[in-house]
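Okay, so the sequence shown: first residue is 5 according to this note's numbering, each after it adds one.
Glycine included, each C-beta is placed from N, C-alpha and C at the ideal position.
Data first, discussion second: the structure below is written as structure tokens.
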Amino acid sequence: DADSAELMRALTDPQLAREVGTDSLQLFSLFIPNTYEFYWTVSPEDFVRRMRKEYDRFWTPERDAARRRSGLSRDEVLTLASIVTEETNKADEMPRVAGVYINRLRKGMPLQADPTVKYALQDFSLRRILHKHLRTPSPYNTYLNKGLPPSSIAMPSVAAIDGVLNFE
5 DADSAELMRA
15 LTDPQLAREV
25 GTDSLQLFSL
35 FIPNTYEFYW
45 TVSPEDFVRR
55 MRKEYDRFWT
65 PERDAARRRS
75 GLSRDEVLTL
85 ASIVTEETNK
95 ADEMPRVAGV
105 YINRLRKGMP
115 LQADPTVKYA
125 LQDFSLRRIL
135 HKHLRTPSPY
145 NTYLNKGLPP
155 SSIAMPSVAA
165 IDGVLNFE
């Protein structure tokens with residue numbers, strides 16, 4: 005029975021984010037793509053709590069072991085997977101794309117990921133990133149900043165998450 009404004013308030017509520025073990029910047033990372041069944045009467049707060057349970061269920065011992073091998077936190081895996089999702093929609097390419105970025109992270113190099121520039125510009129219609137775009141001042145611009153951006157730039161696909169966990 006909640007409307008979209010109530011849902012947005014819940015999704016940006018720092019207190020609710022803390023309650024479910026995250027912060028408001030990373031709250032959207034709790035949403036793993038899947039099919040979920042909810043009653044229309046669910047409150048926005050209960051929706052977020054349920055998504056936390058689904059997130060915890062997603063992180064199986066096998067996925068957590070792969071994550072530890074990568075040297076990334078869960079949030080970092082999801083942030084990198086969001087970039088991989090935006091780089092390619094081909095599941096068989098995702099481990100290689102993830103591997104390129106993980107190697108850059110390990111070497112202390114900038115990721116230089118075009119999708120992060122598009123996100124920094126908030127212009128999702130861009131088809132080609134030009135040199136002028138690379139100078140966009142933003143913590144999400146991985147041409148100007150080393151390391152991962154502060155949070156995910158999109159909802160990562162499960163294939164991209166698994167691609168990061170099984171990078172080549």
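Test item: CB-CB of residue i and residue j under 9 Å
i: Leu-152; j: Thr-83; result: yes
i: Ser-142; j: Leu-134; result: no
i: Ser-28; j: Asp-17; result: yes
Buried versus exposed call for residue i [16 or more other C-beta atoms within 10 Å across all chains shown]
i: Gly-167; result: buried
i: Lys-111; result: exposed
i: Glu-90; result: buried
i: Met-98; result: buried
i: Lys-94; result: exposed
Chain-order list of residues whose beta-carbon lies under 8 Å from that of residue i (same chain, five-residue window excluded)
i: Gln-116; result: Arg-108, Thr-146 and Tyr-147
i: Ser-74; result: Val-81, Ile-106, Val-168, Leu-169 and Phe-171
i: Gly-103; result: Phe-171 and Glu-172
Integer Cβ distance of residue i from residue j, believed to fall under 8 Å
i: Gln-30; j: Asp-79; result: 5 Å
i: Ile-157; j: Ser-86; result: 5 Å
i: Thr-124; j: Tyr-144; result: A small fix is needed here, since residue 124 is Ala in this sequence, not Thr. Indeed, because the Cβ distance is near 4 Å, the residues count as touching under 8 Å.
i: Val-121; j: Leu-138; result: 6 Å
Alpha helix (DSSP H) segment containing residue i, residue limits
i: Pro-18; result: 18-23
i: Ser-46; result: Going by the sequence as given, residue 46 is Val instead of Ser. Counting along the chain, Val-46 falls outside any alpha helix (DSSP H), and DSSP gives it neither H nor E.
i: Met-159; result: Counting along the chain, Met-159 falls outside any alpha helix (DSSP H), and DSSP gives it neither H nor E.
i: Asp-79; result: 78-91
i: Gly-151; result: From DSSP, Gly-151 is part of no alpha helix (DSSP H); its letter is neither H nor E.
i: Asp-127; result: Counting along the chain, Asp-127 falls outside any alpha helix (DSSP H), and DSSP gives it neither H nor E.
i: Pro-65; result: 65-74
Close-in-space but distant-in-sequence residues of the same chain around residue i (CB under 6 Å, 5 per side omitted)
i: Leu-34; result: Met-55, Arg-56 and Tyr-59
Proximal residues to residue i (C-beta, below 7 Å), its chain only, five neighbours per side dropped
i: Glu-49; result: Ala-14 and Leu-20
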